[in-house]
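Numbering-wise, the sequence shown is residues 72 to 525 according to my numbering. For glycine and all other residues, C-beta sits at the position ideal for the given N, C-alpha and C. Predicted model only: the values in this text are computed from it and were never measured.
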Amino acid sequence: MKKTLVFTFAFSCIFNAQSLFAQHGGTMNHWYFGWFASMEFTTGSPVATPDSDMICEEGSATMSDEAGNLLFYTNGGGDSNNPWPGGVWNRNHELMPNGDITGLTGSDSSPQSSLIIQKSATEYYLFTIGASPTPVGVRVSIVDMSLDGGLGDLTLVGDPVLDPPPSPLAEGMTATEDAEGTGHWLVVHSSSGNTFYVMHVTPTGISSPTTYNIGSGLHNSGQIKFSVQGDRLAQDDNIFDFDNATGVISNPINLGFTNSFGWGGWGRAFSPSGRFFYMGELGPNGDVFQYDLMATDIPASKVLLGSSSAGVSGPMQLGPDLKIYFSLKEYQSLAAITDPDLPGTSCNFVSDYVPLTGNSQVSIPNFIDSDLRFAAAGKISKKQSIILAPNPTGDFLYLSSDHQSDEPIFIFDLSGKQLSNWSLDGSNKIDVRNLNPGIYLIRQGAASAQFVKE
């Protein structure tokens, strides 16, 4: 018998709890950043914790295990301009035996000073980058959690991955999982000009960089960010297509963003679905904007969401609860966009969303957003539902939901890989004949449901 399935909030609670800790688990559970600031998502919502031993102006990185237990955190390095050390701290908030990386790797004055990629069951790559225009290049250290009685230590510190090119590097560094799920693409950019450097990182090693000269190269300030799906890349005032099978960057869209100081954006983030893009400015007002990447005229879709009284909107990071978090200069709280897949001001910008026991500075930890793709695929709103019929099906689905018909439809497999997206054009009929038999997730806006292809 064919059945119609209605997925309600009871299912969403179960599914969200599973999806946050499936595949990449709780690796984003703990955040350490700023001046002695930290928080955790153990209960599902961010709660400040008082135990950080780190001072950090801008960039940091944190790693937890699959169960959400803290492993280590870092500010990515210190330099001669900063009186505090660059370090790697263990879960007891002590520097690892070889964890003093001051002057060896990079600078915490970069908004993406560090990035952690798992290498093996016990080893992690720690990539670091300097503050522009310091000619540090990209360095890699290796943290082995089997050492020091399970507290971890560094077996390699500051090994050059990308020596300083003719143009020093900018301060952005990001990564996304590759299409096969066996490695990651690591991306950095020159501080002047329009050159990207793309490296393939796998458990067996790191490739030589491939360069792409593309985009405006006008400001090159702040973060570089991938969408959760790994198909789009944001840098400067450009949005690019990204092929996570080959690492190719293409099709730039210029947002034409320059503020009254002649500066570009600094903080950047995509919504979980990838439809909306957010950017905050370094000054003079610390304005935060939303762009609709499905709009006919994307630059014209810009909506002002709010500003910072301190004049600086810091780097942005999507959390495991699928909210976007960012610092407003030297606040004792984090700002948030709580509904990032809703258009305009309905996305809900809150300037003091998470009270902190420390000081945020202009800091946020740098995570790999593709780790959230499964959670993003399965997110369901309490007040929204999708009805699919017939279910199971061998050819077509008919969809009814709480959403406007012009919202895009996304289909994911159970690994979280996005398989397709399209608009319904008012018919509510979805052709799934090209899918292999199995279980899939379908999403429209913030509502999702599961269906079976026979």
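Assumed close pair residue i, residue j - CB separation to whole angstroms, cut-off 8 Å
| i | j | result |
| --- | --- | --- |
| Ser184 | Gly130 | 3 Å |
| Tyr349 | Ile395 | 6 Å |
| Ser191 | Pro274 | 6 Å |
| Ser292 | Trp334 | 7 Å |
| Leu240 | Gly208 | 6 Å |
Other residues of its chain near residue i: CB distance less than 6 Å, five sequence neighbours each side excluded
| i | result |
| --- | --- |
| Ser180 | Glu128, Glu129, Ala202 |
| Asp440 | Phe297, Val299, Leu389 |
| Met244 | Gln183, Leu186, Ile200, Val259 |
| Thr133 | His101, Trp102, Tyr103, Tyr144, Pro436 |
| His95 | Residue placement at His95 is poorly supported in this model, since its pLDDT is 48, which falls under 50; the coordinates still yield a value, given next. Closer than 6 Å at Cβ, skipping near neighbours: Asp442. |
| Ile19 | The displayed coordinates of the chain run from 72 to 525. Any statement about residue 19 would go beyond what the structure contains. |
| Asn505 | none |
| Ile277 | Val232, Met270 |
| Phe107 | Ser123, Gly429 |
| Leu427 | Ala108, Ala119, Gln403, Ser404 |
| Tyr196 | Ile188, Lys190, Val211 |
| Asp314 | none |
Nearest to residue i (by Cα), restricted to the options the options
| i | options | result |
| --- | --- | --- |
| Asn322 | Ala340, Asp302, Gly338 | Asp302 |
| Phe481 | Gln189, Leu506, Ser519 | Ser519 |
| Glu352 | Lys394, Ser398, Ile285 | Ser398 |
| Val383 | Ile369, Lys400, Asp368, Phe420 | Lys400 |
| Phe328 | Gln361, Ile320, Phe467 | Gln361 |
| Ile435 | Gly147, Gly97, Asn140 | Gly147 |
| Gly139 | Arg210, Lys373, Arg162 | Arg162 |
| Gly252 | Val207, Ser431, Gly97, Gln189 | Gln189 |
| Gly174 | Arg210, Ala406, Asp314, Leu375 | Arg210 |
| Thr281 | Leu375, Val319, Gly254 | Val319 |
| Met365 | Tyr195, Pro414, Pro121, Glu248 | Pro414 |
| Asn499 | Leu218, Gln306, Leu468 | Leu468 |
| Pro463 | Gln489, Val503, Asp307 | Val503 |
| Tyr402 | Leu166, Asn492, Gly429, Met387 | Gly429 |
| Ala340 | Tyr196, Ala119, Asp307, Gly177 | Asp307 |
| Ser279 | Pro236, Phe438, Ala460 | Pro236 |
| His164 | Gln432, Phe198, Ile126 | Ile126 |
| Thr317 | Thr193, Gly220, Gly254, Asn284 | Gly254 |
| Ile458 | Thr367, Leu166, Trp160, Arg514 | Arg514 |
| Ala371 | Ser116, Leu326, Ala406, Gly385 | Leu326 |
| Glu194 | Met216, Pro121, Ile285 | Met216 |
Residue(s) in a DSSP beta bridge with residue i
| i | result |
| --- | --- |
| Trp102 | Met110 |
| Leu240 | Ser261 |
| Ile501 | Leu468 |
| Leu389 | Ile395 |
| Ser131 | Pro436 |
| His271 | Trp256 |
| Lys296 | Ala305 |
| Asn492 | Phe481 |
| Tyr362 | Phe348 |
| Glu248 | His255 |
Cβ shell of residue i (< 7 Å), same chain only, five flanking positions each side left out
| i | result |
| --- | --- |
| Lys454 | Its pLDDT being 39, under 50, Lys454 is placed unreliably in this model, and the coordinates cannot settle the point. |
| Ile324 | Asn309, Ile310, Ile369 |
| Ile501 | Phe467, Leu468, Leu470, Ile480 |
| Leu218 | Asp224 |
| Gly547 | It is not possible to answer for residue 547, since the shown part of the chain is limited to 72 through 525. |
Same chain only: Cβ atoms within 8 Å of residue i, ignoring 5 sequence neighbours per side
| i | result |
| --- | --- |
| Asn507 | Lys524 |
| Ser238 | Ser261, Ser262, Ser263, Gly264, Thr266 |
| Asp171 | Pro156, Gly157, Gly158 |
| Asp136 | Gly96, Gly97, Thr98, Leu142 |
| His290 | Asp307, Asp308, Thr329, Trp334, Gly335, Gly336 |
| Trp493 | Pro479, Ile480 |
Below-7 Å beta-carbon distance, residue i vs any chain D residue
| i | result |
| --- | --- |
| Tyr349 | The structure shown contains no chain D, having only a single protein chain. |
The segment 218-228 contacting the segment 264-271, beta-carbon criterion three pairs below 8 Å: Contact between the segment 218-228 and the segment 264-271 is absent: fewer than three C-beta pairs spanning the two stretches fall below 8 Å.
Stretch pair the segment 371-387 + the segment 340-360: three plus CB contacts closer than 8 Å: Because the criterion of three Cβ pairs below 8 Å is met, the segment 371-387 and the segment 340-360 touch.
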